[in-house]
Structure formats: structure tokens, C-alpha cells
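These notes concern the structure reproduced below.
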Amino acid sequence: MCIGKVHLWRCILYKFQQGRNTTEACKTLANIFGEHTISDRTCRRWFEKFEAGDFDLKDKPCSERLFLNDDDMVKTIIQQDPFSIISEIADILNSR
Numbered sequence: 215m216c217i218g219k220v221h222l223w224r225c226i227l228y229k230f231q232q233g234r235n236t237t238e239a240c241k242t243l244a245n246i247f248g249e250h251t252i253s254d255r256t257c258r259r260w261f262e263k264f265e266a267g268d269f270d271l272k273d274k275p276c277s278e279r280l281f282l283n284d285d286d287m288v289k290t291i292i293q294q295d296p297f298s299i300i301s302e303i304a305d306i307l308n309s310r
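Take the position in the sequence shown, starting the count at 1, then add 214; the result is the number in this note's numbering.
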């Protein structure tokens, strides 16, 4: 069954509000939506967030993800130094 992640987060919130623990919530959701729909770790992270009082269900961008916007420039950098790591490439692109 295909399920949207926001819908799944709402279901986790509902289980949290019912006073269920993470294991119960994860098992129930897996029974309803499929075994590999959600991991126990993901469920625990959401419960921790709710316990901290954060009930925002919006998908937040990952701050660690580097976005590169110039493919030709990246290719040039890699050709000049094939052992460049992503953070170095990002630093070069951000300095221009």
C-alpha cells in the first residue's frame, strides 16, 4: 500500500496521543500499512519529537545536504582533482 509520509506522521501522532509506546505504534502501523512502511527507529524519533512538545508535521529540509547547482563547474573541479570530497567541492562553489 502506498502511503504519504505526512499521513504516516499523523498516524504516529495519533498513536502518541493515545498514550501508546513506540513499539506498539510501530507494530500497529506495520500491520495496517505493510511490514516495511516504518522502522522502529523512525517511530522513536517522532515520539521523541512529540514528547519535546514539537507537533509540527512539516517536512524539514536536511541541513547537512549540500545542493550543487552548476554541473559543469562540478565536472571541472572533479577533473582537476578526482579525489575531491563533496564538502571541498561545495566550499569551492560557495566561494565563487
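Idealized CB from N, CA, C, for every residue including glycine.
How long is the line joining the alpha carbons of residue i and residue j, rounded to whole angstroms?
i    : j    : result
S301 : L307 : 10 Å
G233 : G248 : 22 Å
I246 : S253 : 14 Å
E265 : P296 : 46 Å
H221 : Q294 : 46 Å
G267 : K219 : 20 Å
K263 : Y228 : 14 Å
T251 : K289 : 37 Å
T242 : S309 : 49 Å
Return the first residue and the last residue of the alpha helix (DSSP H) that residue i is part of.
i    : result
A266 : Element bounds for A266: n/a, residue is neither H nor E.
E245 : Reading the sequence as shown, one finds Asn at residue 245 and not Glu. Taken as a continuous stretch (DSSP letters only), the alpha helix (DSSP H) holding N245 covers 236 to 247.
Closer than 7 Å by C-beta to residue i: which residues in its own chain qualify, once you throw out the five before and the five after it? Chain order, please.
i    : result
M287 : L307
D321 : Because residue 321 is not part of the residues shown, which for the chain are 215 to 310, the question remains open.
T236 : D254, C257, R258, F261
R224 : L271
I291 : S298, I303, I306
F189 : For the chain, the structure presents residues 215 to 310; residue 189 sits outside this window and is missing.
Would residue i pass as a contact of residue j if the rule is Cβ separation under 9 Å?
i    : j    : result
A244 : F230 : no
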